[in-house]
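Before any comments, here is the structure.
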Amino acid sequence: GNSVTQMEGPVTLSEEAFLTINCTYTATGYPSLFWYVQYPGEGLQLLLKATKADDKGSNKGFEATYRKETTSFHLEKGSVQVSDSAVYFCALSFSNTGNQFYFGTGTSLTVIP
Amino acid sequence: GAVVSQHPSRVICKSGTSVKIECRSLDFQATTMFWYRQFPKQSLMLMATSNEGSKATYEQGVEKDKFLINHASLTLSTLTVTSAHPEDSSFYICSARGRYYQETQYFGPGTRLLVL
């Protein structure tokens with residue numbers, strides 16, 4: 093089947109610290125991979141995506157590389173800010189089968205000044 | 695970017711009543727809309743997929759008679775929780791995309807339902 097596994101949170105970091113949120117997936121086929129961010133009281137916003145192996149998605153200082161050999165899509169940022177505090181969801185989707193998303197459980201990040 | 699809205703953002707109702715949640719695409723035609731449910735500290739679980747003008751397709755384990763979905767136009771889908779019970783309390787999120795599978799899916803801000 094299709095599933096996404098994320099590292100459990102919550103994660104608390106000091107401002108300017110390095111962030112890694114691990115994500116691995118299981119898929120029957122070749123999915124596109126996504127990171128979504130959910131700020132308090134808001135819906136999900138697309139942070140970045142990658143559609144094939146070795147692609148790197150990047151946005152707002154965040155990066156993730158589609159690693160087919162390790163079935164991973166880890167999220168990284170070199171220097172986090174207080175405004176990055178949110179819940180981060182890793183997800184996969186197959187664009188040729190209706191775009192249904194399979195989400196991980198989410199990782200809550202709190203950045204303290 | 696494209697915007698999807700949901701109304702209401704929060705609703706509290708008594709057990710046994712029905713609640714309707716609206717999902718609107720504000721600046722594009724949403725051929726397909728998805729309804730998700732998010733339990734506290736858990737991920738989003740897809741409940742159903744609806745295409746404009748067609749009956750919704752429900753995921754296994756989701757009661758279609760309890761969660762009525764209507765997608766009557768290209769900009770509006772509604773989810774009605776019928777005879778709501780406390781266990782239906784949850785965060786409901788819709789998403790929408792255009793006609794083609796490759797198009798980006800846009801998520802609404804969610805509706806918090808509390809059934810007393």
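Taken in sequence, the protein lines are chains P and V. Our numbering puts the first sequence at residues 93 to 205. Our numbering puts the second sequence at residues 695 to 810. Beta carbons are placed, not taken as given, at the ideal position from N, Cα and C, and that holds for glycine.
Does the beta-carbon distance from residue i to residue j come in below 7 Å?
{"i": "Val-96(P)", "j": "Tyr-128(P)", "result": "no"}
{"i": "Val-698(V)", "j": "Tyr-800(V)", "result": "yes"}
{"i": "Gln-732(V)", "j": "Pro-803(V)", "result": "no"}
{"i": "Thr-202(P)", "j": "Ser-177(P)", "result": "yes"}
{"i": "Thr-104(P)", "j": "Ser-124(P)", "result": "no"}
{"i": "Tyr-752(V)", "j": "Leu-740(V)", "result": "no"}
{"i": "Glu-168(P)", "j": "Glu-155(P)", "result": "yes"}
{"i": "Gly-792(V)", "j": "Phe-728(V)", "result": "no"}
{"i": "Val-705(V)", "j": "Ala-778(V)", "result": "no"}
{"i": "Leu-111(P)", "j": "Val-179(P)", "result": "no"}
If the cut is a Cβ gap below 9 Å, which residues of chain V does residue i touch?
{"i": "Thr-202(P)", "result": "Within chain V, no residue comes near Thr-202(P); the closest Cβ sits about 14 Å away, beyond 9 Å."}
Please list the partners that residue i has in chain P, where partner means a Cβ-to-Cβ separation under 8 Å.
{"i": "Thr-798(V)", "result": "Leu-138"}
{"i": "Ser-783(V)", "result": "The premise fails here: Ser-783(V) is roughly 17 Å from chain P at the closest Cβ pair, so nothing lies under 8 Å."}
{"i": "Gly-747(V)", "result": "Within 8 Å Cβ-Cβ: nothing; Gly-747(V) doesn't reach chain P, min ~16 Å."}
{"i": "Gln-754(V)", "result": "Those do not exist, as Gln-754(V) stays about 12 Å from chain P at its closest Cβ, beyond 8 Å."}
DSSP on residue i, reduced to helix/strand/coil?
{"i": "Glu-134(P)", "result": "coil"}
{"i": "Ser-171(P)", "result": "coil"}
In the DSSP assignment, find the unbroken beta strand (DSSP E) run with residue i in it and report its ends.
{"i": "Thr-162(P)", "result": "Taken as a continuous stretch (DSSP letters only), Thr-162(P) belongs to no beta strand (DSSP E), as it is neither H nor E."}
{"i": "Ala-778(V)", "result": "Element bounds for Ala-778(V): n/a, residue is neither H nor E."}
{"i": "Lys-148(P)", "result": "148-151"}
{"i": "Phe-810(V)", "result": "Inspection of the sequence shows that residue 810(V) is occupied by Leu rather than by Phe. Here Leu-810(V) belongs to no beta strand (DSSP E), and DSSP marks it neither H nor E."}
{"i": "Met-727(V)", "result": "726-732"}
{"i": "Asn-764(V)", "result": "761-767"}
{"i": "Thr-798(V)", "result": "Element bounds for Thr-798(V): n/a, residue is neither H nor E."}
List, in order along the chain, the chain P residues whose C-beta lies closer than 9 Å to that of residue i?
{"i": "Gly-792(V)", "result": "Within chain P, no residue comes near Gly-792(V); the closest Cβ sits about 10 Å away, beyond 9 Å."}
{"i": "Leu-740(V)", "result": "Gln-192, Phe-193, Tyr-194 and Phe-195"}
So which residues of chain P does residue i contact, with C-beta pairs closer than 7 Å?
{"i": "Phe-801(V)", "result": "Gly-135 and Leu-136"}
{"i": "Gln-736(V)", "result": "Thr-197"}
* Asked: Using a Cβ cut-off of 7 Å, which residues of the region 93-115 of chain P contact any Cβ in chain V, in chain order?
  -> Residues: none.
* Near-chain V residues of the region 117-134 of chain P (beta-carbon distance less than 7 Å), N- to C-terminal order -> Listed by position along the chain: Glu-134.
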